[in-house]
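Student: Structure in structure tokens, see below.
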Amino acid sequence: MAAHTAESASAENAAPASPSAFSHALKDAFFAGLIMLGLVGPLVGFETVIRDGALGLDYRPLTVAVMVAIVFVGRLILNLTVWSPNRVVKTRTGPSPMARAVTAAGPAFKPALLAFAVAFPLIAVLSQGGLNESRYLIDLGILILTYVMLGWGLNIVVGLAGLLDLGYVAFYAVGAYTYALLATSAPVNDFFAALIGEKFWADWAFWICLPAAGIFAGVWGMILGFPVLRLRGDYLAIVTLAFGEIIRLVLINWVDFTGGGAGIASIPRVTFFGIPFNASEHGFAALFGLKFDPMHRIIFLYFVILALALLTAFVTVRLRKLPVGRAWEALREDEIACRSLGLNTTNVKLSAFATGAMFGGFAGCFFAVRAGFVSPESFTFDISAMILAIVVLGGMGSQIGVAVAAAVMLGGMEMLRNLGFLKQFFGNEFDPSLYRMLLFGLAMVVIMVWKPRGLVSTRDPTIYLKEKKSVSGDLVKEGHG
Amino acid sequence: MSLPTDTAAHRWDIDPILSVEHLFMRFGGLVAVNDLSFKVGRGDITALIGPNGAGKTTVFNCITGFYKPSEGRLVLAHQRPPTDPELTAVTLNGERGLAGASSSVYLLERLPDYRVSGDAKVARTFQNIRLFTGMTVLENLMVAQHNALMKASVFSIKGLLGLPSWNAAQKAAREKAVYWLEQVNLLDRADDPAGDLPYGAQRRLEIARAMCSDPILLCLDEPAAGLNPRESLELNALLRSIRADHGTSILLIEHDMSVVMEISDHVVVLDYGTKISDGTPDAVKNDPRVIAAYLGVDEDAVEEVEAEIDATIATGASS
């Protein structure tokens, strides 16, 4: 009713105002085109070419005209629609349609996502028509799940405790090298050979090293935690960044121990709880009466990382409802109030660092067993930045947001590799994969403008009396170290 | 309350829960607190008042461990006040406190801030409210029971496994939170984010949160600031009930004289970091030094007032 009157009123206003509004829009678009002409005229209009061995100039008036026309027309359309003074801005009350859709689909979304993740190898095999053909998709699934797990791990430190950690890759590296060094170590192998059996260490190394890698990484988390306890915000970020680099440089330079830049190769592969994936009669395929296929191992790896990621999610969700998890969130909200309530903030911070690092260690161990090779090149700052971007895009503190962000970022990056059809428009010399990072950056900017607090910005309370109401992102603090 | 006429029989002298002894706090050349000594009686409501910048909040920060005093001793006594030899022994052996069966003594100036609240059981609120705004009202009260719950969950291990004993502890903590929500009249807002509450409710929630940590001494930094007269009255009732039902002693900083004079048993007046008056509300109200500090006197009148003060002290001593 009210909207209707407002609309008719605006229509009445618009009718007499229209000619002047149109001429104003036209004028504005004209000036925008002029500026564009001034900009691209010299930049795009001239092209240097080598003609008969000498440098010459080519002119490209058509390209310039097209670019200026795009700006002129685009500006005109925007002036008449979105920026039009007569436009009635719809005022929204309550949550946005998007938020309402999410709330409505909320209860079904998580199980559906989980079911999809479990059924993914089957879907991949069926859709690609064979085990070997599905390898690319399943590898992509493994990659995405690894980052989901890393994102969830970092989420504890950054999202819950509000401690900005730019060196998370260090714990990933600690986990990976823990497995690589222990699994390839001759003394350890000899020890178990003498104690239990010749093949024991080769078959069980991963399953024994997995918890060890988590514990080592957790200890390293504490070691990093101690010196940065008193730091906040930017200072904390820089020290953690340096820590990530130090670990990488140590890995490169301590050649005797880590193999230096050459890395560690021929790391034992994953086994089906002691049963190797090989063509022998004691292998996985023979024992289960299947035809040997190397894809069995890949699919098993997929389920291993899925289980590890789900463990991370389960523990995080549980911890949030425990005093330690509430203390992390309280630390993010107000450290001084925490201390006034008797919370030992040192312990709270260290526990957050250690728990986050532990999951990074698990993921690192998995990385080493999947690749069969580790080198310092795999643990650069890019990985930290990527994980942090996933956490920030997903919405700090949100499990589902981080999972979706990881899938979108890594899946999206991969999809951008497959833009071959663009060649039909731009000619055969056009290489779409070169524009991958550009589009990726653009997408990130768009998301940050559209959803500055990440995909899921609301916070779920950990306990409720009568009704669970999610807390608006505006009230939730981001933490400052 | 029993012997109001005899000045030597004030409760804060007989059974002090907190003795502030020769407290100094210097920030570089600035002496914010200058040789301050006073006592907080067990079960009393003690008000610390003074003009702006008198050093009241600095004293609070020293008591609650957020500042380390430059000099001085802060003795907090659970159960009964320590005897002089006991106190000397604790002070000299360099320990932070002496926890015993009949009496526990804590030297607050030696404790880190989180242990002042966690072990010595001194809770505080803040002048500019510090709630966990992004957490719900109920969650705020659960965080306040962190130490008890941490013990009950054996550092989260029981909780991770979901053992029944943990669930019982969690339930008990929730009931306690509900009790305090009822006390401060916020039960129907339990599931709302703390940052969404109106100002007065935030003040009450902060007191409830402090009480959830089971304090024996509650330090309130301007609890009535920004409250309307009706809310101030409710605050008075709340503070009285806290003292009556839980035996918690209260130390508060307040500018609102309707609150101070109404509920306090003992008032300490601070000006420029020095104590200028100490006594019952009536005694303080009529103290010419207090009147001079609050209302100010002319340059010429200073001597006059000082003479008057001296006369008052002389008559007070003789009577």
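Protein sequence lines correspond, in order, to chains A and B.
As numbered in the numbering used here, residues 1 to 481 make up the first sequence, in order.
As numbered in the numbering used here, residues 1001 to 1319 make up the second sequence, in order.
Where is the CB? At the ideal position from N, CA and C, for every residue including glycine.
Counting along the chain, where does the alpha helix (DSSP H) carrying Arg1011(B) start and finish?
Tutor: Walking along the second sequence from the start, residue 1011(B) turns up at place 11. Residues Arg1011 to Ile1014.
Student: Per DSSP, which one or two residues make a beta bridge with Asp1278(B)?
Tutor: Mapped onto the second sequence, residue 1278(B) falls at position 278. In DSSP, Asp1278(B) forms a bridge with Val1268(B).
Student: Here's the rule I'm using: 16 or more other beta-carbon atoms within 10 Å means buried, otherwise exposed. How should Asn1052(B) be labelled?
Tutor: To locate residue 1052(B), count along the second sequence from 1; it is residue 52. Counting Cβ neighbours within 10 Å, Asn1052(B) comes out exposed, since fewer than 16 surround it.
Student: Taking 8 Å as the threshold (beta carbon to beta carbon), is Gly342(A) in contact with chain B?
Tutor: The sequence position of residue 342(A) within the first sequence is 342, counting from 1. Chain B, which has a Cβ nearer than 8 Å to the Cβ of Gly342(A), makes this yes.
Student: Given that a residue counts as buried once 16 or more other Cβ atoms are within 10 Å of its Cβ, and exposed if not, what is Gln424(A)?
Tutor: To locate residue 424(A), count along the first sequence from 1; it is residue 424. Exposed, by the Cβ-count rule.
Student: What residues in the stretch 1191 to 1205 of chain B bring their beta carbon closer than 9 Å to a beta carbon of chain A?
Tutor: Those residues of the stretch 1191 to 1205 of chain B that come within reach of chain A (Cβ to Cβ, closer than 9 Å) are Asp1191, Asp1192, Pro1193, Ala1194, Gly1195 and Asp1196.
Student: At 7 Å on the CB atoms, spell out the chain B contacts of Ala327(A), in chain order.
Tutor: By 1-based counting over the first sequence, the position of residue 327(A) is 327. Per Cβ cutoff of 7 Å: Val1143 and His1146.
Student: Would DSSP call Val1122(B) helix, strand or coil?
Tutor: Along the second sequence, one-based indexing puts residue 1122(B) at 122. Three-state DSSP puts Val1122(B) in a strand.
Student: Which residue spans inside the stretch 1016 to 1100 of chain B form an unbroken beta strand (DSSP E) run of at least 3?
Tutor: Correct list: 1016 to 1027, 1030 to 1041, 1045 to 1049, 1071 to 1077 and 1097 to 1099.
Student: What residue from Leu241(A), Phe367(A) and Ala180(A) has the CA that sits closest to Phe381(A)'s CA?
Tutor: Here residue 381(A) refers to the residue found at position 381 when the first sequence is read from its first residue. That would be Leu241(A), whose Cα lies nearest to the Cα of Phe381(A).
Student: By DSSP, does Ala1293(B) sit in helix, in strand, or in coil?
Tutor: Counting from 1 along the second sequence, the entry for residue 1293(B) is found at position 293. Residue state, collapsed to three classes: helix.
Student: Please say whether Pro121(A) and Tyr302(A) have beta carbons closer to each other than 8 Å?
Tutor: The sequence position of residue 302(A) within the first sequence is 302, counting from 1. The sequence position of residue 121(A) within the first sequence is 121, counting from 1. Result yes, Cβ atoms of Tyr302(A) and Pro121(A) sit closer than 8 Å.
Student: Would Ser127(A) be called buried (16 or more neighbouring beta carbons within 10 Å of its own) or exposed?
Tutor: Numbered from 1 along the first sequence, position 127 holds the residue referred to as residue 127(A). Result: exposed.
Student: Do Cys1062(B) and Leu1023(B) have their beta-carbon atoms positioned less than 8 Å apart in this structure?
Tutor: What you label residue 1023(B) is simply residue 23 of the second sequence in a count that begins at 1. What you label residue 1062(B) is simply residue 62 of the second sequence in a count that begins at 1. Closer than 8 Å, so yes.
Student: Around the Cβ of Ala1144(B), are there at least 16 other Cβ atoms within 10 angstroms (buried) or fewer (exposed)?
Tutor: Counted from its first residue, the second sequence places residue 1144(B) at position 144. The residue is buried, with at least 16 neighbouring Cβ atoms inside 10 Å.
Student: At a Cβ threshold of 8 Å, is Met1211(B) touching chain A?
Tutor: One-based indexing of the second sequence puts residue 1211(B) at position 211. No, Met1211(B) does not count as interfacial toward chain A.
Student: May I ask you to list, following chain order, the residues of the stretch 455 to 470 of chain A that have a beta carbon less than 8 Å from some beta carbon of chain B?
Tutor: From the stretch 455 to 470 of chain A, only Arg459, Pro461, Thr462, Ile463, Tyr464, Leu465, Lys466, Glu467, Lys468 and Lys469 have a Cβ closer than 8 Å to chain B.
Student: Closer than 9 Å by beta-carbon distance: list the chain B residues that pair up with Ser472(A), in chain order.
Tutor: On the first sequence, position 472 is the one that residue 472(A) refers to. Those within 9 Å of Ser472(A) in chain B are Gly1134, Pro1193, Gly1195 and Asp1196.
Student: What does the alpha-carbon distance come out to for the pair Ala352(A) and Phe314(A)?
Tutor: Indexing the first sequence from 1 puts residue 352(A) at position 352. Indexing the first sequence from 1 puts residue 314(A) at position 314. Cα to Cα, Ala352(A) sits roughly 16 Å from Phe314(A).
Student: Determine which residues of the stretch 300 to 329 of chain A have a Cβ less than 9 Å from any Cβ of chain B, and write them out in chain order.
Tutor: Taking 9 Å as the Cβ-Cβ cut-off against chain B, the residues of the stretch 300 to 329 of chain A that qualify are Val315, Arg318, Leu319, Lys321, Leu322, Pro323, Val324, Gly325, Arg326, Ala327 and Glu329.
Student: Within a Cβ cutoff of 8 Å, which residues of the same chain sit near Ser1002(B), ignoring the five residues on either side of it in sequence?
Tutor: The sequence position of residue 1002(B) within the second sequence is 2, counting from 1. The predicted position of Ser1002(B) is uncertain, since its pLDDT is 41 and thus under 50; a value taken from the coordinates is nonetheless stated next. Cβ within range, chain order: Ala1009.
Student: I'd like to know if Ala352(A) contacts chain B, where contact means its C-beta is closer than 8 Å to some C-beta of that chain.
Tutor: Against the first sequence, residue 352(A) aligns to sequence position 352. Cβ-Cβ to chain B under 8 Å: no for Ala352(A).
Student: Measuring straight from C-alpha to C-alpha, what distance separates Ile1207(B) and Met386(A)?
Tutor: On the second sequence, position 207 is the one that residue 1207(B) refers to. On the first sequence, position 386 is the one that residue 386(A) refers to. So the alpha carbons of these two residues sit roughly 43 Å apart.
Student: In three-state terms, what does DSSP make of Ala279(A)?
Tutor: The residue labelled residue 279(A) in the question sits at position 279 within the first sequence. Ala279(A): coil per DSSP, three-state reduction.
Student: Going by the DSSP bridge assignment, what does Phe272(A) pair with across the sheet?
Tutor: Start at 1 with the first residue of the first sequence, and residue 272(A) comes out as number 272. Partner(s): Ile275(A).
Student: How about Lys477(A): is its C-beta nearer than 8 Å to some C-beta of chain B?
Tutor: Against the first sequence, residue 477(A) aligns to sequence position 477. Chain B contact via Cβ: present.
Student: Ignore the nearest five residues each way along the sequence and tell me which others in Ala265(A)'s own chain have a CB closer than 7 Å to its CB.
Tutor: Counting from 1 along the first sequence, the entry for residue 265(A) is found at position 265. Only Phe373 meet the Cβ criterion.
Student: For Gly325(A), collect the residues of the same chain with a Cβ closer than 6 Å to its Cβ; drop the 5 residues on either side in sequence, then sort them by chain order.
Tutor: Residue 325(A) sits at position 325 when you count from the first residue of the first sequence. Hits under 6 Å: Leu319.
Student: Would you call the stretch 167 to 180 of chain A in contact with the stretch 240 to 254 of chain A, where contact means no fewer than 3 C-beta pairs closer than 8 Å?
Tutor: Touching, per the Cβ criterion.
Student: Within 10 angstroms of its Cβ, does His4(A) collect 16 or more other Cβ (buried), or is it exposed?
Tutor: The residue given as residue 4(A) occupies position 4 in the first sequence. Because His4(A) sits at a pLDDT of 48, beneath the cut-off of 50, its placement in the model cannot be relied upon, and the point is left open.
Student: Counting only runs of 4+ residues fully inside the stretch 161 to 200 of chain A, write out the alpha helix (DSSP H) ranges in chain order.
Tutor: Within the stretch 161 to 200 of chain A, the complete alpha helix (DSSP H) runs of at least 4 residues are 169 to 183 and 186 to 195.
Student: If the criterion is Cβ atoms closer than 8 Å, does the pair Gly1050(B) and Ile1017(B) meet it?
Tutor: Numbered from its first residue, the second sequence carries residue 1050(B) at position 50. Numbered from its first residue, the second sequence carries residue 1017(B) at position 17. Contact flag unset, no.
Student: Three-state secondary structure (DSSP) at Cys365(A)?
Tutor: Numbered from 1 along the first sequence, position 365 holds the residue referred to as residue 365(A). Three-state result, Cys365(A): helix.
Student: What is the C-beta distance between Ile138(A) and Leu410(A), in whole angstroms, given that I count them as a contact (C-beta under 8 Å)?
Tutor: Within the first sequence, residue 138(A) is the residue found at index 138, counting from 1. Within the first sequence, residue 410(A) is the residue found at index 410, counting from 1. At roughly 14 Å, the Cβ-Cβ gap does not stay under 8 Å, so Ile138(A) and Leu410(A) are not in contact.
Student: Take Ile156(A) as the anchor and find which of Ala405(A), Arg332(A), Phe72(A) and Gly141(A) has the nearest alpha-carbon.
Tutor: Along the first sequence, read from residue 1 onward, the residue named residue 156(A) stands at position 156. Measuring from the Cα of Ile156(A), the nearest candidate turns out to be Arg332(A).
Student: Would you list the one or two residues that DSSP bridges to Pro227(A)?
Tutor: Walking along the first sequence from the start, residue 227(A) turns up at place 227. BP columns for Pro227(A) are empty, so no partner.
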